[in-house]
Structure formats: structure tokens, C-alpha cells
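Chains A and B supply the protein sequences, listed in that same order.
Each residue of the first sequence is one higher than the one before, starting from 871 at the first, in the working numbering.
Each residue of the second sequence is one higher than the one before, starting from 66 at the first, in the working numbering.
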Amino acid sequence: MKNNIIAELVEVSKYYGTGTGRMVALDCVDLSLAKGEAVVLVGPSGSGKSTLLHLLGCIDKQDKGRVIIDGVDTSAKSLEELASLRLDKIGFVFQSFNLIPVLTAYENVEIPLLFKGLGNSFVKDRVNEVLDSVGLYDRKHHYPRQMSGGQQQRVAIARAIVGNPSLILADEPTANLDSRTGGDILDLLLHLNKNEERSVFVASHDSVVLERIKKVVRILDGKISID
Amino acid sequence: MNIIKIATISLRNLLRNSRRTLITVLVSAAGFAALAILAGYMDFSFYGLRELTVCKGFTAGGGTGHIQVFHSESLKKEELFPMQYGVEDNEKIRADIESIDEVSFTMPRIEFNGLISNGDKSISFLGLGVDPEKEAELIQYWNSLEKMGGKKKMSDTAYRKLEKTGSFGVLLGQQMAKALNAEAGSNLMLMSTTVDGAVNVVDVTVAGVIRGAMKSIDRHYLVAPLETAMSLLQTDKVSKIVVVLKRTEDTAVVSRLIEENIHGQDDQPMFSVIPWEELAAYYYSVRDVYNIIFSFTGIIVVAIVFLSCTNTMLMATMERVKEIGTLKAIGVSNAWVSLMFLFEGFFIGLLSVAGGLVFKYVFSVVINNSGFKMPPPPGMSSSYLLKIFSAVEFLPWIALLIVFSTTLSGLLTLLKIRKISIVDSLTHV
């Protein structure tokens, strides 16, 4: 059973501030995400959604408990080791796309592969393949400013999956898009989940997302419940 | 391959804020140009000072020439009477020396002292017995130096006048002439001790007034023809033989050749062969002072370049916090992110060197053609024409210094980047 788990939070707590001003962001949370599973995380603002996502993405450290990614306990890992783990295992999709403005779509997608020591021809083929899969092969030489929000988010998704990560974390991926484009982006994420068996963990307020992803994790005041 | 990609990203980031990059490059280029011009001025100063030491000198002894040949005892012991350790048969020795290809010519000199009087007033003098024609030739050597190439050449008129006046003419330092109320054509008396210890007096006529290189010796300085000095001292010896070469750079080689040529008659060397460097205490003291001043100025300029570039890099870091956070979230390590900024600093350095070379060239041409005269240095009596040499040998080092300081400023961003929290940066606006 454990071999089937891609990410796991074990009694994880996270606090902000100290003393009497201390705020509990996550309170002894246990959560498992299976390989190939799609999960949506919902909750009101300030409920701890982003904190949970950051801990799963190994870009923040918990105060208590353990975060295990693909069998690796991240608690004692150095910053460089965590960076390497993110590069290999995790793909991020951000609400505001976070593309590098001086790079073309192709170059943005290429970034994760540049640091993996892969051959040039492999990188080229892989980037083209991924851009093709998100429907942006024809726009690969365009800069972010030359693309629509939906296209930019597709580039961000391409960048997230180009390194073949097992886990895709998406923070409000449809929030900055109109409903139709948001629907397309969601289709793409679910397609990746279904056809490529990648685990997708989406934090969202969007009711459409809630309708289309069956497993829902609710978070309130730092505590979670699973539907 | 990754390195090239990262370098490309860095270049694009520089172009992204082109105005700020331009200002930083201009500041650094100005720094490069300032150091290069300083090096060119330093090169000119040292070269000029070196050749001035050779041609004119900074003591009562006149220009040092490139090499001086003394009786071997004269530098070790005090003379009991004038010319005790003088050089005998100087013409034969000079002929031997002049047979060396690198030697341009040689000339004898006698150093003597005593009293000079106008009948009413007597003052002490430090005299130099010379061959006026050869001394004029030494001035022509200076005038032939292409690198100094100033419009105002050094004049040999005084020595020509001395030659014309004949055996008993003298040239007086300006201050001495003033003290004795003498001018060209005035008759004076020189009084000194002969080699036998007797007091001797000769009548002389003032052929002209000269300005000594240094104010302090001007009041006691006189130049007389060799025959006058020999007649006053009652000797046919000379104090030294001055050797003038075709090129200053050959000094060490010719010194060795002279030692081999004029030594070896027996085991005891008869002569001491002294290159100009050992006679140029003033040159070295000035050079030391200049080196300190130039080094200090260099440090200030490099510090300004470094701080300016560091400011730019830190501003760029702050502006790109979200991008840095995104790259780190993707899994790019701090070292790789820092490398991007390192490249930006490196490229700023390269652009600065290119711009600085242009600035340096333009400023050098303007300065060299402006005819700008520098005021006399402390203790000196004449101003000099400012020139900036190309200083080619210094340029690679200055370029290295500028590129290093701008690159180092890029490296400093590593400290900032390490501190950037990924979580905070992702929400940074």
C-alpha cells in the first residue's frame, strides 16, 4: 500500500508567529495522496490551503510531523537536496503563471531540464513534445507578453510536467482565467492525471473544479476532512 | 550547454532594464577609463622622470647619463685632496667604451667646489666641469625621444654659449647670478684648492644663466668648461666618465660589457661602473610616492565601480524576487540562480571594458593634443607638458580588475538569494 503513496503528511503542524500571537496554520494534519490520484483542496481564505500546498511542495518547512514524498522523508533534507527533490518529483502550477518574462514559451518550458544534465537533442524533443501536448507548439517562440492568460497557464503546465514529475501541485490554476479558459486548463490537468497517471493536487475556490474532481479535501482552521 | 543558456538569460535580463544597465556600464567604463588614463599618466611620468634623470638630473651633478664610470676607490673612501681618486687617461677609456655598439657617446665631468666672488661678495659653489658640446648632445638625446614628443623641446643654448665663450666662461644658476648681481658678460673669480692643496684662483666670464632642476641647488650651482675646472684644480684627471646609450633599456647589458672591457688588467678592478638607477635617489623617491598615490586612487575607483554594480545587482534581485522564487520552487538551486547574476556582473564588466577603452582613447587624444601644462612638482622649478601614454601593458590588468569587481558584485547576490524565502517570493508583487 505504501508503495502506492506519492505524498504523505504525518501529524504535520505549522505555526506562524510566536508567543501569544502564535497562529496555527495546520494542526496535526494527516494526509495521503496516492499515485495517479486527483485531489482538490478547498477551504476559505486563511484556512491553511496554501500552507498545506507549500509543505507538500517542499518549499516550506513544517514545525511538527513529517512530510514524505515518494517514500523520502524530507524533514532532515538540506535546501539543495530539497531543490533536487522538487526538480525530479514535483511540478508546480501557479495562480499567476509565474513565467520568466525574458524567455520564450520554449525556453520557459526548458528550464527544469537544463538542470538535469540531459542531452541537447533529448531536451529539444521533450520540450517540443510537451508543448505539442498542451497545444502550444506553434507558439513556442512567443514571449509571455505575446500570449493570452490561458496560453501562459498552458506554458506553466508544460513547464510543470516537462521533467516528468509524479506529483503536480496547482495553486488556484483557474483563478486568473475566464470560465471557458479555466475549463480548458482543468481539462488539461485532468487529462494528465488520467492519461499519464500523474497525481494532481489542486487548491481551488472554483466550483467547477469541485464538480470535476471527485476526491475533495476540506480544510478549516488548520484541520482537514476528506469527502 | 547549460552555462550558455544561463548566460543568454543573463544577457536578456541586462537588456530588460537597459537604462539601468547603461548607467552601470557607463559608471564602470568611466572607472576603467580613469584607471587606464591614470596608468597612462603614470607611465608617462615614470618614463619622463627616468629620461629627465638621465639628461638633466636632479642634483648639482647634472644629468646622470645612463652609466657613470668612477675610480673604484672614489665611492668607498673620502678624498684627502681634490681628485685623489679621479679617473686618469679618460680619453683612452672613453674610446674603449665608445667602441660598444649600444653606446651613443661618452663625456668627462669634474665635480669641484670652492668660492665664487664678484669682488664685493663671495659665496660657495658646487661646480661641474663639462664638455659643453657633449652636454648639448645629451640635451639633443632628450629632444630626440619620440615618446616625449612635446612641442617645447629642451634648449641647449646655454651650453652653446658656454662653448662660444671659450675656456673661461661659466654658467651660473639663476639664484647664484642674482646673489652675485651677475649677468652674461660679468667677470667673476673662482677660488678653490688644487690637487696639491694650494689655493688657486681663476678669472671667469659669465656665459649665461641657467635654471637648475631643483630650487635648492640653484643658488650654489655653476657649470664651467672642463679646461676651467682642470686649470683651477691643476689636474688632468676627471671625476667620472658619463656614458650615454642609444636606448635606456640597454643600460644593464652595457654596464656588464663596460665592466668586462675596462676591468681585467689585473685582479683588482680599477673602476666602478654605476648604472643610472643607482644614482637616481630622487627618481625612486618620486616613484614610490606616485605609486602610493596611484594605488590609493585605484582602490577608490574600483570601490566606486564595485559599489555601483552591487547596487544594480541588488536592485535587480529585489525586482526579480518572484522569478527567483519561481526558479527555486521549480528546483533550481541557489547556486544556479546566483550564476545568472554572476553572468550579469561579468557582462557588465566586459561591456565596461569595451566602453572604457573608447573613453580612454578619446580622452588621451584630447589631453595629448591640448598642450596642457602641469605645474612644477614640489621642489622642481619648471612645469611640464601633460601626456597620457597608451600603457598597453597595464590595460589587461585593469580590465581584469574591473571585470572581477563587477562579477564579484554579482556573486554577492548569492547572500541575498539564499535569504529569499520561496513562499514569500511567490506572493511578492
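Ideal placement from N, C-alpha and C gives every residue a C-beta, glycine not left out.
Query	Result
Inter-stretch contact at 8 Å, needing at least 3 Cβ pairs: the segment 1018-1028 of chain A / the segment 429-438 of chain B	no
Under 8 Å between C-beta atoms of Leu-1056 (chain A) and Val-1078 (chain A)	yes
Spatial distance of Glu-1042 (chain A) from Phe-424 (chain B) (CA atoms)	53 Å
C-alpha gap between Asn-208 (chain B) and Cys-120 (chain B), whole angstroms	10 Å
Short CB-CB distance (under 8 Å) between Ala-99 (chain B) and chain A	no
Close beta carbons around Ser-182 (chain B), own chain, < 6 Å, minus the five adjacent residues each side	Met-254
Residue range of the beta strand (DSSP E) that includes Ser-892 (chain A)	The displayed chain sequence assigns Arg, not Ser, to residue 892 (chain A). Arg-892 (chain A) -> no beta strand (DSSP E), and no H or E assigned at all.
Amino acids of chain A, ordered along the chain, whose beta-carbon sits closer than 7 Å to that of Ser-498 (chain B)	Past the boundaries of the shown model lies residue 498 (chain B); chain B is included only from 66 to 494, so the question cannot be answered.
Partner residues on chain B for Phe-962 (chain A), Cβ-Cβ distance less than 7 Å	Ala-394, Ile-395
Three or more C-beta pairs below 8 Å linking the segment 266-275 of chain B and the segment 87-102 of chain B	no
Same chain only: Cβ atoms within 7 Å of Val-307 (chain B), ignoring 5 sequence neighbours per side	Gly-130, Gln-133, Thr-171, Met-172, Arg-174
Cβ-based burial, Leu-480 (chain B) [other Cβ within 10 Å; buried from 16]	exposed
Any chain A beta carbon closer than 8 Å to Lys-484 (chain B)	no
Beta-carbon proximity list for Ser-220 (chain B), same chain, < 8 Å, skipping 5 on both sides	Ile-204
Three or more C-beta pairs below 8 Å linking the segment 1074-1088 of chain A and the segment 881-893 of chain A	no
Identity of the residues DSSP links to Ala-904 (chain A) by a beta bridge	A:Ile-875
Reduced DSSP secondary structure (H/G/I, E/B, other) of Met-439 (chain B)	strand
Simplified DSSP state of Gly-14 (chain B), which is helix, strand or coil	In this structure chain B extends from 66 to 494, so residue 14 (chain B) is not present and cannot be described.
Exposure of Leu-310 (chain B), with buried meaning 16 or more beta-carbon neighbours within 10 Å	buried
Contact with chain B by Asn-874 (chain A), beta-carbon distance below 8 Å	no
Touch test, the segment 994-1001 of chain A against the segment 1045-1054 of chain A, Cβ-Cβ under 8 Å, three pairs minimum	no
Residue-chain proximity (Val-972 (chain A), chain B), Cβ-Cβ < 8 Å	yes
CB contact flag (Ser-1069 (chain A), Ser-1036 (chain A), <8 Å)	yes
Three-pair Cβ contact test at 8 Å for the segment 1002-1022 of chain A versus the segment 984-994 of chain A	no
Distance, Lys-1093 (chain A) Cα to Val-899 (chain A) Cα	6 Å
Environment of Ala-908 (chain A) [buried if 16+ CB atoms lie within 10 Å]	buried
Per-residue contacts from Thr-478 (chain B) into chain A (C-beta, under 8 Å)	The premise fails here: Thr-478 (chain B) is roughly 16 Å from chain A at the closest Cβ pair, so nothing lies under 8 Å.
Distance, Ser-486 (chain B) Cα to Leu-955 (chain A) Cα	17 Å
Minimum Cβ-Cβ distance from Glu-388 (chain B) to chain A less than 8 Å	yes
Cα-Cα separation between Tyr-976 (chain A) and Lys-994 (chain A), rounded to whole angstroms	9 Å
Beta strand (DSSP E) segments (min. 3 residues) lying fully within the segment 997-1037 of chain A	none
The alpha helix (DSSP H) enclosing Pro-173 (chain B), as first and last residue numbers	It is not in any alpha helix (DSSP H) - Pro-173 (chain B) instead sits in the beta strand (DSSP E) that spans 168-182.
8 Å Cβ cutoff, Pro-982 (chain A) in contact with chain B	yes
Touching by the beta-carbon criterion (3+ pairs, under 8 Å), the segment 98-111 of chain B and the segment 358-365 of chain B	yes
Supposed close pair Leu-193 (chain B), Ser-187 (chain B) - CB separation, criterion 8 Å	Contact doesn't hold; Cβ gap of about 19 Å is too wide.
Residue of B:Phe-411, B:Glu-116, B:Met-295 minimising C-alpha distance to Ser-474 (chain B)	B:Phe-411
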